[in-house]
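*Asks:* Residue numbers (our numbering), protein chains in the order written: chain W, 2 to 190; chain R, 78 to 255.
Beta carbons are placed, not taken as given, at the ideal position from N, Cα and C, and that holds for glycine.
Since this is a predicted model, take the numbers as computed values, not measurements.
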Amino acid sequence: MSATASSTDPSPAPSLAQLYLGFAQISMSAFGGALPWARRVLVEDRAWLESDDFTDTLALCQFLPGPNIINLSIVVGSRFRGPVGALCGFLGLMGVPVILAIGLGALYGRYGQLEALRGIFAALGAAAAGLVITTAAKMAVPIVKRQPFVGIPVIVGGFIMAGLLRWPLPLVLVILAPASIILAWRLRR
Amino acid sequence: MKELAAVLGALAAQFAILSLLAFGGANTVVPEIHRNAVDVHHWMSDRDFANLFAIAQAAPGPNALITTLVGFKAAGIAGALVATIAFCLPAGLLVFAVIGVWDRIQQSPWRAAVQAGLGPVTVGLVAASAFLLTRGADRGIGLAAITAATAAIAYFTRLNPLWALGAAAVLGALGLVH
């Protein structure tokens with residue numbers, strides 16, 4: 002846990018089994034993307050992280066290479082229960098989905114026809130996009146309230162660069178991260 | 078047998094490298110996975126890849142499942158496991174090492190500034206991906222309504238959003254939304 006949470010003494014650290022089950026719950030809910038479910042389960046359902054802890058941890062995972070939510074499972078697992086905890090989080094997140102994906106891959110290999118499923122995929126994709134909108138809003142609110150003069154310009158800047166201009170992520174990070182850190186440093190209290 | 082070993086070796090090497098290049102998650106290296114699987118190694122057709130990508134998006138679990146499916150198509154169950162582990166392990170070990178150092182410097186003032194600075198960047202990127210996903214998914218008024226309704230339910234109510242996803246899937250299966 003990071004500094005902000007340890008001072009308020011949140012719920013007790015989850016056990017290995019709870020870590021496995023928590024991340025399994027994330028992955029089994031995550032139709033069309035895992036990020037919204039990671040926040041919902043870790044922050045809202047199980048209260049293992051506070052909202053800002055979640056954003057900070059995700060920021061770190063985003064800054065390092067590799068699949069973000071998988072990295073998140075490793076970070077959260079290792080903070081609570083060390084290397085074995087990291088393994089439990091990872092296996093919880095990936096175990097069942099990998100088996101399911103192999104099953105779906107085998108079905109696809111045999112039938113190769115997805116036309117019937119196309120309508121379902123399209124509707125699920127639309128709903129999943131709605132969940133990401135909500136996640137962005139829920140992550141933004143505490144940051145904007147606490148540090149509006151850093152939060153608002155940087156969030157808007159990131160949205161414009163990555164969303165509207167579609168710049169590649171490394172470019173966005175190289176420009177925006179130092180600018181934002183310097184801004185936060187100068188405005189720190 | 079020898080051929081299988083060669084394919085597994087190619088999968089392991091390719092995905093281990095991509096693991097350390099995937100800044101921003103699995104979807105950022107999808108074009109490279111596509112190039113390798115379709116153009117370089119001829120493990121599958123263009124259409125196969127598009128369909129496997131759709132499966133990886135819709136199936137429960139992280140988007141990194143595209144690596145599992147590509148590995149499975151290339152070399153069966155062994156390929157699926159090799160590709161998945163190769164894609165997760167190098168980046169996982171890196172993040173594990175970094176988090177140890179990061180948590181040890183918890184009190185340093187510049188860590189606080191880095192954190193205060195990176196948080197909004199992350200939110201901006203999530204907002205951007207929400208925008209891009211919405212634009213890609215909402216090809217009609219019905220689909221846009223599903224996006225809006227799901228976002229509203231997830232933001233304003235305590236209802237589990239799985240109900241919204243389930244309702245969307247049913248509407249989609251019945252061919253009611255376009």
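Would you please verify whether the beta carbon of D123(R) is less than 9 Å from any beta carbon of chain W?
*Replies:* So no, D123(R) is outside the interface.
*Asks:* Start and end of the alpha helix (DSSP H) containing E260(R)?
*Replies:* The structure shown has nothing for residue 260(R), since chain R only spans 78 to 255.
*Asks:* Please list the partners that A138(W) has in chain R, where partner means a Cβ-to-Cβ separation under 7 Å.
*Replies:* Residues of chain R passing the Cβ test: Y232.
*Asks:* State buried or exposed for P149(W), treating a residue as buried only when at least 16 other CB atoms are found within 10 Å of its CB.
*Replies:* The residue is exposed, with fewer than 16 neighbouring Cβ atoms inside 10 Å.
*Asks:* With 16 other CB atoms within 10 Å as the buried threshold, where does V247(R) fall?
*Replies:* With fewer than 16 other Cβ atoms within 10 Å, it is exposed.
*Asks:* Check whether the Cβ of C62(W) lies closer than 9 Å to any Cβ atom in chain R.
*Replies:* Chain R, which has a Cβ nearer than 9 Å to the Cβ of C62(W), makes this yes.
*Asks:* What three-state label does DSSP hand P68(W) in the structure shown?
*Replies:* The answer is coil: DSSP assigns P68(W) none of H, G, I, E or B.
*Asks:* Quick check: what's the CA-CA separation for T199(R) versus V173(W)?
*Replies:* Looking at the two C-alpha atoms, the distance is approximately 11 Å.
*Asks:* So is W49(W) in contact with chain R if we call contact Cβ pairs under 9 Å?
*Replies:* No, W49(W) does not count as interfacial toward chain R.
*Asks:* For I156(W), which residues from the same chain have a beta carbon less than 8 Å from its beta carbon, with the 5 sequence-adjacent residues on both sides left out?
*Replies:* A141, I144 and V145, listed in sequence order.
*Asks:* If the criterion is Cβ atoms closer than 9 Å, does the pair F164(R) and A99(R) meet it?
*Replies:* Closer than 9 Å, so yes.
*Asks:* What are the boundary residues of the alpha helix (DSSP H) that includes I182(W)?
*Replies:* Start and end: L170 to R187.
*Asks:* Does S30(W) come out as helix, strand or coil in the three-state DSSP assignment?
*Replies:* Of the three classes helix, strand and coil, the one that applies to S30(W) here is helix, per DSSP.
*Asks:* Check whether the segment 164-174 of chain R touches the segment 68-78 of chain W, counting contact only when three or more Cβ pairs, one atom from each stretch, lie closer than 8 Å.
*Replies:* At 8 Å Cβ cutoff, the stretches touch.
*Asks:* If contact means a Cβ-Cβ distance below 8 Å, which residues of the segment 199-224 of chain R contact chain W?
*Replies:* The residues in question are T199, V200, G201, L202, V203, A204, A205, S206, A207, F208, L209, L210, T211, G213, A214, D215, R216, L220, A221, I223 and T224.
*Asks:* In or out: W38(W) buried (at least 16 other Cβ within 10 Å) or exposed?
*Replies:* It counts as buried.
*Asks:* Are the C-beta atoms of G23(W) and some chain C residue less than 9 Å apart?
*Replies:* No chain C appears in this structure, whose protein chains are W and R.
*Asks:* Taking the alpha-carbon positions, what's the T135(W) to V44(W) distance?
*Replies:* If I take the Cα positions, the gap works out to 14 Å.
*Asks:* Just to make sure I have the definition right: I need the residues of chain R whose C-beta is within less than 7 Å of the C-beta of G120(W). Which are they?
*Replies:* Residues of chain R passing the Cβ test: G249, A250 and G252.
*Asks:* List, in chain order, every chain W residue whose beta-carbon is nearer than 8 Å to that of A163(R).
*Replies:* By Cβ distance, chain W contributes nothing, its closest Cβ being about 12 Å from A163(R), past 8 Å.
*Asks:* Using a beta-carbon distance below 9 Å, is F81(W) in contact with chain R?
*Replies:* It does not: the Cβ of F81(W) has no partner Cβ on chain R nearer than 9 Å.
*Asks:* Under 8 Å Cβ to Cβ from G159(W), same chain only, skipping five residues before and after it: list those, please.
*Replies:* Excluding sequence neighbours, G159(W) sits near V173 and L177.
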